Each structure stands twice: as C-alpha cells, then as structure tokens.
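What follows is a set of notes on a single structure, which appears directly below.
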Amino acid sequence: GAGVSQSPSNKVTEKGKDVELRCDPISGHTALYWYRQSLGQGLEFLIYFQGNSAPDKSGLPSDRFSAERTGGSVSTLTIQRTQQEDSAVYLCASSFRLGGTNYGYTFGSGTRLTVV
Amino acid sequence: AQRVTQPEKLLSVFKGAPVELKCNYSYSGSPELFWYVQYSRQRLQLLLRHISRESIKGFTADLNKGETSFHLKKPFAQEEDSAMYYCALSQPSGSRLTFGEGTQLTVNP
Numbered sequence: 001g002a003g004v005s006q007s008p009s010n011k012v013t014e015k016g017k018d019v020e021l022r023c024d025p026i027s028g029h030t031a032l033y034w035y036r037q038s039l040g041q042g043l044e045f046l047i048y049f050q051g052n053s054a055p056d057k058s059g060l061p062s063d064r065f066s067a068e069r070t071g072g073s074v075s076t077l078t079i080q081r082t083q084q085e086d087s088a089v090y091l092c093a094s095s096f097r098l099g100g101t102n103y104g105y106t107f108g109s110g111t112r113l114t115v116v
Numbered sequence: 117a118q119r120v121t122q123p124e125k126l127l128s129v130f131k132g133a134p135v136e137l138k139c140n141y142s143y144s145g146s147p148e149l150f151w152y153v154q155y156s157r158q159r160l161q162l163l164l165r166h167i168s169r170e171s172i173k174g175f176t177a178d179l180n181k182g183e184t185s186f187h188l189k190k191p192f193a194q195e196e197d198s199a200m201y202y203c204a205l206s207q208p209s210g211s212r213l214t215f216g217e218g219t220q221l222t223v224n225p
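Line by line, the protein sequences give chains D and B. The first sequence begins at 1 in this note's numbering and counts up by one. The second sequence begins at 117 in this note's numbering and counts up by one.
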C-alpha cells in the first residue's frame with residue numbers, strides 16, 4: 001500500500017478484556033516495528049520483526065503483550081487482560097532493511113487505545 | 117544503555133525568531149541520530165537524519181560527538197513549524213529507535 005495502515009484508529013475497551021491491534025506495512029518492507037506513545041512518556045519501543053520472526057521483543061512490558069507477523073506482511077499486537085495503564089497510542093512502523101541499513105522508515109497513524 | 121534527552125517539554129517563540137530544540141544522547145559508540153516531527157492530527161514523520169546533512173523546511177541539525185548533542189535549529193521560525201518534535205537514536209545497523217520525550221514547539225504570530 002501507499003503507507004503504513006493501522007486499524008482500528010480508536011479502541012475503547014473495558015479493563016480485563018483482550019484487544020487486537022492490526023498493522024499493514026508498506027508493501028515490500030521487510031521490517032516492522034511496534035511502539036507505544038504514552039502521555040508524558042514519549043515513544044517506547046515494543047517489538048521488531050524481520051520477516052515473520054521477532055529478533056527483538058525486549059520492549060514488551062509484560063507477558064500480557066504479544067505480537068505476531070504472518071506472510072512477512074500484516075502484524076497483530078495483542079494485549080490480554082487490559083489494564084488502565086495500557087491506555088496509549090500504539091504506533092506501527094515499517095522499513096526496508098538491507099545490509100543493516102533501514103530505508104524508508106515510515107510510521108502509521110496509530111491506534112488510540114483507551115481502557116476504562 | 118542508550119538514552120535520548122530533550123530537556124524542554126515546551127518551547128514557545130515568535131514568528132521570525134530563531135529556534136533551537138535541544139537533544140542530548142548517551143551511547144558508547146557512534147549512533148545514528150534523527151529528528152521526527154508530528155504535526156497536529158498527523159502521523160509521525162522523519163524530518164532529518166544526521167548522515168544526510170541536509171536542510172529540510174529550513175531546519176538543520178549538527179551532530180556534536182564531543183558534547184553528545186544533536187540540536188535542531190532554524191534561523192526564522194514560521195507558524196506552520198508548530199508541532200511536536202522528537203529526537204531519536206539508532207545503533208549503527210540497528211533496528212529500533214530510542215526516542216526522547218519530545219518538545220512541543222509553538223510559534224506565535
């Protein structure tokens with residue numbers, strides 16, 4: 001596609017429920033990243049995919065958070081048993097990675113998650 | 117561990133005045149440094165990367181390894197420059213970006 005697409009754009013959920021956030025990267029981009037943007041905390045790295053594997057998932061804040069990527073394309077970030085502190089904007093980015101260099105690192109518009 | 121610090125959360129200047137957004141980093145090697153901008157209700161987008169040594173929308177940034185800084189400068193601010201600015205760091209050949217907390221720039225008429 002023309003850009004990184006994320007859905008839904010907004011999600012309100014009750015505390016304790018599970019949520020799934022989706023990211024469609026730019027076609028041909030081999031690398032995909034999830035970040036979290038919280039009020040007053042800037043952007044926080046969550047996980048990085050190269051193809052379908054995740055060589056760096058060190059930023060996932062707890063075992064309630066998981067992510068997968070299939071077909072080297074779409075990725076889903078799942079948050080189980082949501083808590084109020086999970087409320088944030090979840091950003092996805094993708095890039096074409098060659099020889100250790102990133103090209104075209106592009107962000108999506110994010111999913112605003114509110115846990116009530 | 118790598119860290120990016122933007123000491124000013126808010127910065128307000130008048131149109132036509134010079135502006136400097138500060139960024140300091142800590143990293144033991146030679147990082148790649150970036151500035152990202154997020155205009156109101158728009159997605160985060162790349163403004164500058166230090167290896168390009170380019171000027172975008174009149175903004176420049178010079179990497180000072182001695183002071184571990186990558187300050188963003190513009191000699192004459194415009195109202196349309198009002199936005200949130202993030203400084204970010206990446207390890208060479210790295211994947212993840214480490215962001216500062218951002219500086220909200222307001223350019224007043």
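Where is the CB? At the ideal position from N, CA and C, for every residue including glycine. Quantities reported herein were computed from a predicted structural model and do not represent experimental measurements.
Bounding residues of the beta strand (DSSP E) (the contiguous stretch that carries residue i)
i: E136/B; result: 135-137
i: Q204/B; result: One point to set straight first is that residue 204/B is Ala, not Gln, in the sequence displayed. Here the beta strand (DSSP E) through A204/B covers 199-206.
i: S94/D; result: 88-98
i: I26/D; result: Counting along the chain, I26/D falls outside any beta strand (DSSP E), and DSSP gives it neither H nor E.
i: F65/D; result: 65-69
i: R36/D; result: 31-38
i: L213/B; result: Per DSSP, L213/B belongs to no beta strand (DSSP E) and is neither H nor E.
Contact with chain B by residue i, beta-carbon distance below 9 Å
i: Y35/D; result: yes
i: Y105/D; result: yes
i: R22/D; result: no
i: D63/D; result: no
i: A88/D; result: no
i: L60/D; result: no
i: E68/D; result: no
i: P100/D; result: First, the residue type needs correcting, since residue 100/D is Gly and not Pro in the sequence shown. By this cut-off, G100/D is an interface position.
i: S94/D; result: no
i: R97/D; result: yes
Minimum Cβ-Cβ distance from residue i to chain D less than 9 Å
i: G216/B; result: yes
i: P143/B; result: The displayed chain sequence assigns Tyr, not Pro, to residue 143/B. Output row for Y143/B: interface = no.
i: A199/B; result: no
i: L164/B; result: no
i: A204/B; result: yes
i: Q220/B; result: no
Within 9 Å, strictly: CB atoms of residue i and residue j
i: L221/B; j: L163/B; result: no
i: A204/B; j: Y152/B; result: yes
i: R64/D; j: T82/D; result: yes
i: L113/D; j: K15/D; result: no
i: K173/B; j: V135/B; result: no
i: G104/D; j: S5/D; result: no
i: H187/B; j: A199/B; result: no
Backbone secondary structure at residue i - three-state DSSP
i: E148/B; result: strand
i: D56/D; result: strand
i: Q83/D; result: coil
i: E195/B; result: helix
i: Y155/B; result: coil
i: S140/D; result: The structure shown does not extend to residue 140/D, since chain D is modelled only from 1 to 116, so the question has no answer here.
i: F186/B; result: coil
i: Y143/B; result: coil
i: I167/B; result: coil
i: G174/B; result: coil
i: K131/B; result: coil
i: K15/D; result: coil
Within chain A, the residues that residue i reaches when beta carbons sit closer than 8 Å
i: R212/B; result: Reference to chain A is not applicable here, since the protein chains of this structure are D and B.
Quick test of the definition: if touching needs 3 or more C-beta pairs under 8 Å, does the segment 10-19 of chain D touch the segment 33-48 of chain D? With a cut-off of 8 Å, the segment 33-48 of chain D and the segment 10-19 of chain D do not count as touching, because too few Cβ pairs lie within range.
Counting pairs of Cβ atoms below 8 Å between the segment 23-33 of chain D and the segment 87-99 of chain D, do you hit three or more? With the cut-off at 8 Å, the segment 23-33 of chain D and the segment 87-99 of chain D touch.
Can we say the segment 131-138 of chain B touches the segment 182-195 of chain B, given the rule of at least three CB pairs closer than 8 Å? Yes, since at least three Cβ pairs between the segment 131-138 of chain B and the segment 182-195 of chain B fall closer than 8 Å, the two stretches touch.
Do the segment 134-152 of chain B and the segment 161-178 of chain B meet, that is, are 3 or more Cβ pairs less than 8 Å apart? Yes, the segment 134-152 of chain B is in contact with the segment 161-178 of chain B.
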